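Peer 1: Mapping to numbering that gives the first Met the number 0: the sequence shown position 215 is 214, numbers consecutive. Positions of the beta carbon are idealized from the N, C-alpha and C atoms, including for glycine. Here the structure is a predicted model, which is why all the values come from computation and not from measurement.
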Amino acid sequence: MNKVYKCGEVYATTCDYEKDADGFARAYEWVTTWAKQFGPALPHPFIYADPPWNAGVLSMFRKMVGEPPRMKFDAFLSRIVDVLYSVPADVVFCEMGRQAKVDFTSRMEAAGSLRLVKGYEVSYGRGKANKPSWLGMFSPSRESDGTPEIAQGLIDEAIPLICIDWYMSTLRLPFVIDPFCGLGVTLDAAAKRGVPALGVDLVPARVEKAMHHVSKILRRPIEAIGEV
Ligand SMILES: C[S@@+](CC[C@H](N)C(=O)[O-])C[C@H]1O[C@@H](n2cnc3c(N)ncnc32)[C@H](O)[C@@H]1O
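If you want it as structure tokens, here you go:
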């Protein structure tokens, strides 16, 4: 069981998808059911994901929790797609390294009703270590206009903010969910826009830091509200 944290309307918990393929869907169900007891239902989910991009990155994060990778990266890519499809979002933004782009897109489209509507080259503003990468927008085919233009030289945080703003202006109020929330760039963006969000990540210390950032932005305390 993993603790579920809450700060304002931002929730976060821990899960290892290599061991627990359904953990993201369970966290989503748990939080939506919990929230419904105390107020209106959370809005329709919108996914912003920044998964590990290659075998090296995957093993780097697993070292942080003292475990070797159990899956080859290829199998993990398929697991990412299962995770993304396990909640009922109809728009998925996914950041990927260039190498994973082709493979990931074909798996994503083979898995269900969402297809790649737009792909953007992105590069981050901070330092040389951040090589240009790729952001894909998966959605039903109706979404082809008004998608955010992502330029080079953005800071990391600007990218989920642009996507959230676009979703709010063209569709509706989102429930922003990030199955690889790490240190919480996407959760911070949701907090800044005052929209509800859920983040899940492998590394408990990263989830705690993410909530700490959110708490600073919202100036509200972090509560542990249960376990999932
Ligand atoms: C590229 S980082 C995400 C960075 C994030 N956008 C941020 O603001 O820090 C990828 C994240 O995937 C998480 N991750 C890696 N393997 C995972 C697994 N098996 N299950 C769940 N999360 C995993 C890592 O802990 C890491 O935080």
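Counting only runs that start and end within the stretch 152 to 226, where is the beta strand (DSSP E) found for 3 or more residues in a row?
Peer 2: List check, beta strand (DSSP E) in window: 174 to 177, 196 to 200 and 222 to 226.
Peer 1: For the beta strand (DSSP E) containing TRP279, list its first residue and its last residue.
Peer 2: A question about residue 279 goes unanswered here, because the residues of the chain that appear run from 0 up to 227.
Peer 1: Any heavy atom of ligand 1 inside 7 Å of the beta-carbon of GLY181?
Peer 2: True, at least one ligand heavy atom lies under 7 Å from that Cβ.
Peer 1: Using DSSP bridges, identify the partner residues of CYS93.
Peer 2: Its beta-bridge partners are ALA48 and GLY135.
Peer 1: Hey, is the stretch 89 to 105 in contact with the stretch 39 to 55, meaning 3+ C-beta pairs nearer than 8 Å?
Peer 2: Touching, yes, given that three or more Cβ pairs across the two stretches are closer than 8 Å.
Peer 1: Give me the residue from LEU186, VAL175, ALA188 and VAL206 with the minimum Cα distance to VAL86.
Peer 2: Considering only alpha carbons, the answer is VAL175.
Peer 1: Could you give the residue range of the alpha helix (DSSP H) that holds GLU28?
Peer 2: Start and end: 22 to 35.
Peer 1: Counting along the chain, where does the beta strand (DSSP E) carrying VAL116 start and finish?
Peer 2: Here the beta strand (DSSP E) through VAL116 covers 114 to 123.
Peer 1: Take the Cβ of PRO178 as the centre, count every other Cβ of all protein chains shown within 10 Å, and call the residue buried at 16 or more, exposed below.
Peer 2: The residue is buried, with at least 16 neighbouring Cβ atoms inside 10 Å.
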